[in-house]
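See structure below.
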Amino acid sequence: MSITVSSLGFPRIGPRRELKSALEASWSGKTAPEALAETAQGLRAANWQRQKALGATSIPSNDFSLYDHVLDTAAMVGAVPKIYGWTGGEVPVETYFAMARGTHGTTVCEHGHSHGGKGLPAQEMTKWFDTNYHYIVPEFTPGQEFALASSKAVREFREAKALGVHTRPVLVGPVTFLKLGKSGEHGFARLSLLPGLLPVYAEVLRQLAAEGADWVQIDEPVLVLDLTDPERAALKTAYAELAKAVPSLKILVATYFGNLGDNLATAVSLPVAGLHVDLKRGAGQLDTLLAAAPKELALSLGVIDGRNVWRADLEKTLDLLEPVVDARGADGIIVSASCSFLHVPIDLEQETKLDPDVKSWLAFAVQKIEELAILGRALDSGRSAVADALEASSLAAASRRISPKIHDTAVQSRLAAVTPGDAERAPFAERRAIQRAEFGLPAFPTTTIGSFPQTDEVRKARAANTKGQLSDADYKAFLRKATEEAVRWQEVIDVDVLVHGEFERNDMVQYFGEQLSGYAFTQHGWVQSFGSRYVRPPIIFGDVSRPKPMTVEWSGYAQSLTGRPMKGMLTGPVTMLFWSFIRDDIPRADTCRQIALAIRDEVVDLERAGIAIIQIDEPAIREGLPLRRGEWDAYLDWAVQSFRLSASGVKPGTQIHTHMCYSEFNDIMPSIAAMDADVISIETTRSQMELLDAFIDYKYPNEIGPGIYDIHSPRVPSADEMTALLEKARERLSPDQIWVNPDCGLKTRKWDEVKPALENMVAAAKRLRATL
Ligand code: GLN
Ligand code: ZN
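Each residue of the sequence shown is one higher than the one before, counting from 26 in my numbering.
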């Protein structure tokens with residue numbers, strides 16, 4: 026019997042984003058639904074065959090999704106909210122997409138909120154654990170009934186079987202599914218729905234077994250979260266029932282993204298055939314797991330990183346695996362990736378422009394399955410059977426350990442010399458007095474968050490410049506003109522603190538990453554963010570430093586055009602970190618501090634160039650919170666320190682802003698206050714200022730710009746509406762604390778929306794001033 030080599034899930038998007046093209050063509054009516062179905066089937070077939078050819082022996086099915094695997098689960102159990110008009114039977118694909126995207130002109134913002142349009146709204150979307158993947162949030166009502174309403178899992182198993190690939194179907198587990206959902210205003214215990222849900226799962230298992238499935242993978246990543254006793258009990262109930270439903274079918278309960286921790290006893294006591302654990306995120310848990318796991322429980326060991334892009338050190342990995350195989354026998358071990366490959370790019374071989382050294386340190390999904398296969402062969406037949414592959418892996422690891430491209434002693438000694446004083450500024454009250462005198466701004470000062478519309482014209486010019494069709498000089502002249510027009514227009518409508526518009530930026534992380542040492546970019550390294558939206562995260566491979574100023578020229582130019590203060594715009598260290606693939610050879614806190622020092626240099630250079638107000642965007646601070654509460658403090662500590670390090674190199678009279686959209690602030694107010702930005706702008710329009718409550722309760726002392734313009738919607742808010750929102754803020758904050766601004770940058774909007782909206786915003790500020 027040879028060792029099982031397993032993949033928990035493969036990217037769905039296709040090596041050249043084929044799924045995106047097919048989805049968008051189908052949604053826009055350019056192609057018939059059959060064309061989409063055909064592309065999807067082709068991608069599934071290619072994924073199965075490829076994984077098989079690469080040496081995986083346990084291959085997933087039903088990991089594919091047209092949009093989202095949690096939404097697939099909602100369809101499977103018939104959890105379709107009433108408004109979508111589904112009356113039973115198989116959930117039609119139109120209903121599925123309506124749940125995902127809304128209908129008729131609704132636009133869905135990055136965070137799954139739907140806006141505008143007359144049709145049905147989309148369901149909400151939120152982050153899948155601590156990844157940058159977003160799932161559609163299932164909605165539950167008290168007493169809700171479930172019914173089998175999608176044969177997808179069974180269909181795809183059959184489809185693979187017809188191609189000669191015997192798969193292990195993947196389902197989102199019932200407890201994870203309920204816990205990730207929401208119960209609207211009802212606020213009832215969602216777990217009370219479990220007894221009604223389990224029979225549907227049992228039926229799916231029966232059908233899969235009838236088709237010939239022998240193993241099924243049921244994902245319960247909630248096992249790495251802080252759970253309540255009733256939640257743990259629910260897991261036991263669920264698996265007792267599911268195991269009974271089809272005794273011949275072996276269930277692998279998959280956990281990932283962290284340690285089982287205090288859920289270990291629950292996990293190992295589930296009456297299932299196998300348990301998958303993440304030994305990358307939960308690196309420390311192997312020994313306790315081995316001690317606790319009954320001998321007959323097969324262990325799927327997630328030793329290849331499914332969340333990151335690094336090539337593994339295979340010899341080291343074997344050092345870990347071999348004793349386990351000796352102790353438990355090859356039958357009892359499955360060699361696996363830490364989690365689904367959903368979160369990494371597909372194939373490194375597509376990258377032709379990467380530095381060859383950097384490339385030699387990387388592995389994407391395809392390469393990671395190759396690594397798993399090598400591990401499997403070494404465990405079956407001894408290391409000598411794969412000596413060459415092991416040697417290549419060790420050589421790559423060794424070169425990574427010492428490469429001067431990664432290890433920059435100047436950066437390291439600078440970091441070592443940082444003192445607490447480097448992250449300190451004068452007290453806020455002192456800074457504020459100086460800044461008030463210096464800027465002489467009116468009450469309720471107006472500003473925007475940085476970007477102005479990235480029009481087709483702007484994008485085309487950038488693309489032409491990248492392709493070499495537009496010279497650097499012409500591109501620059503074009504950007505200068507756009508910037509100048511934006512500055513003039515802001516003066517005309519009478520904004521107080523101006524921005525240059527960020528026309529030169531492709532993306533708030535990429536723009537900076539491209540100018541920093543230690544960052545690499547891929548051509549095809551896309552990963553799914555949600556639905557048909559994919560991102561291409563940069564790869565931080567080495568010590569980060571800033572060879573030369575990044576934004577000083579643009580901000581300086583914009584400032585030279587006006588007597589009003591021009592706000593400099595930077596992306597903060599925590600956001601630069603979280604929206605990239607990060608190093609696994611040093612603590613991420615260290616990388617964050619390195620980036621902080623690079624940003625600090627930029628802040629100081631901006632000040633020197635006469636920019637007296639500088640905004641450091643940190644929308645990712647909140648989303649970076651660890652999955653377990655017990656780890657929050659340590660994280661917040663280094664995150665806040667990094668921000669402060671980036672912001673504290675300047676004089677007290679230089680005003681530091683930060684911007685945090687998409688964030689809730691309950692539970693983390695002490696850390697927000699500890700960031701000690703002179704001004705923070707937040708996103709408050711949609712919540713009708715509710716998100717401001719945390720600041721009010723905390724008696725937040727510094728200045729705040731609560732957003733009054735929902736930039737995710739094409740709708741132009743009136744001056745009355747915006748005044749009403751400001752009134753709400755003024756009732757509970759000190760009037761001299763309040764700034765007036767939109768929720769976020771305006772890059773996704775059109776000028777004919779932005780112009781009237783910002784005119785109305787300035788009018789609203791003036792109305793408030795008149796009442797003072
Ligand atoms: N300064 C950026 C902009 O205005 C901020 C974007 C963001 O917070 N998501 O686009
Ligand atoms: Zn924002």
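Cβ atoms here follow ideal geometry from the backbone N, Cα and C, with glycine treated the same way.
Query, Result
"Could you check how far apart the C-beta atoms of GLY597 and PHE668 are, in whole angstroms? I think they sit under 8 Å.", "6 Å"
"Is the separation between the beta-carbon of ARG402 and that of VAL391 shorter than 8 Å?", "no"
"My parser needs the alpha helix (DSSP H) runs of 4 or more residues fully inside the region 746-785; what are they?", "none"
"Could you give the distance in angstroms between the alpha-carbon of LEU717 and the alpha-carbon of THR709?", "7 Å"
"Would you say the beta carbon of LEU644 comes nearer than 7 Å to a heavy atom of the ligand GLN?", "The amino acid occupying residue 644 in the given sequence is Pro; Leu does not appear at that position. The answer is yes for PRO644."
"Under the three-state reduction of DSSP, which class applies to ASP610: helix, strand or coil?", "coil"
"Tell me, to the nearest whole angstrom, how far the beta carbon of LEU400 is from that of THR342; I am working on the premise that it is less than 8 Å.", "6 Å"
"Taking only three categories from DSSP, how would you classify GLY567?", "strand"
"Write down the C-beta distance between THR472 and VAL522 rounded to the nearest angstrom, noting that I regard them as a contact closer than 8 Å.", "4 Å"
"Where are the beta strand (DSSP E) runs, 3 residues long or more, that stay fully inside the region 357-394, in chain order?", "358-362"
"What are the uninterrupted segments assigned as beta strand (DSSP E) that are 3 or more residues long and contained completely in the region 46-131, given in chain order?", "84-86"
"Taking 8 Å as the CB-CB limit, is LYS77 close to chain E?", "In the structure shown, chain E does not exist; there is a single protein chain."
"With distance defined between alpha-carbon atoms, name the residue in PHE606, ARG608, ALA645, GLY475 nearest to THR576.", "GLY475"
"Using 8 Å as the cut-off, can you tell me whether the region 158-166 makes contact with the region 38-48, which would need three or more C-beta pairs spanning the two stretches below that distance?", "no"
"I need the straight-line Cα distance from PHE202 to VAL95, nearest angstrom please.", "7 Å"
"Could you pull the start and end residues of the beta strand (DSSP E) that ILE681 belongs to?", "680-685"
"Are the CB atoms of PRO36 and GLN242 nearer to each other than 8 Å?", "no"
"How about SER385 and ALA421: do their beta carbons lie closer than 8 Å?", "yes"
"Report whether the distance from the Cβ of HIS2 to the nearest heavy atom of the ligand ZN is below 7 Å.", "What is shown of the chain runs 26 to 797, which leaves residue 2 out entirely."
"Would you call THR748 buried or exposed, if buried means 16 or more other Cβ atoms sit within 10 Å of its Cβ?", "buried"
"Mind checking which residues open and close the alpha helix (DSSP H) that includes VAL512?", "497-518"
"Under 8 Å, do VAL350 and LEU267 count as touching if we go by C-beta distance?", "no"
"Note down the Cα distance separating LEU61 from SER53, rounded to an integer number of angstroms.", "12 Å"
"With a threshold of 16 other CB atoms inside 10 Å of the CB of ASN691, please say whether the residue is buried or exposed.", "exposed"
"What's the gap between the Cα of SER139 and the Cα of TRP551?", "Unreliable placement is indicated for SER139, whose pLDDT of 46 sits below 50; no coordinate value is reported for it."
"Taking the alpha carbon of SER363 as the point to measure from, which residue in GLN540, TYR226, ALA279, ALA454 has its own alpha carbon closest?", "ALA279"
"Note down the Cα distance separating ASN490 from VAL483, rounded to an integer number of angstroms.", "11 Å"
"For ARG558, list the residues DSSP reports as bridge partners.", "PHE555"
"Distance, Cα to Cα, PRO684 vs GLY80?", "For the sequence presented, residue 684 should be read as His rather than Pro. Their Cα atoms are separated by approximately 47 Å."
"Is any heavy atom of the ligand ZN found at a distance shorter than 7 Å from the C-beta of GLY770?", "yes"
"Suppose the cutoff is 8 Å on Cβ atoms and the five residues either side in sequence are ignored; what does the same chain contact list for SER90 look like?", "ARG37, LEU96, ASP97"
"So which of ARG183, SER208, ILE607, PRO246 has the shortest CA-CA distance to ALA235?", "ARG183"
"Quick check: what's the CA-CA separation for PRO429 versus ASP610?", "14 Å"
"Quick one: residues in its chain with C-beta nearer than 8 Å to the C-beta of SER542, no 5 flanking neighbours on either side, listed in chain order?", "ASP433, GLY567, ASP568, VAL569, SER570, ARG571, PRO572"
"Helix or strand or just coil, what does DSSP make of THR576?", "coil"
"Do you know offhand how far GLY110's Cα is from ALA65's?", "26 Å"
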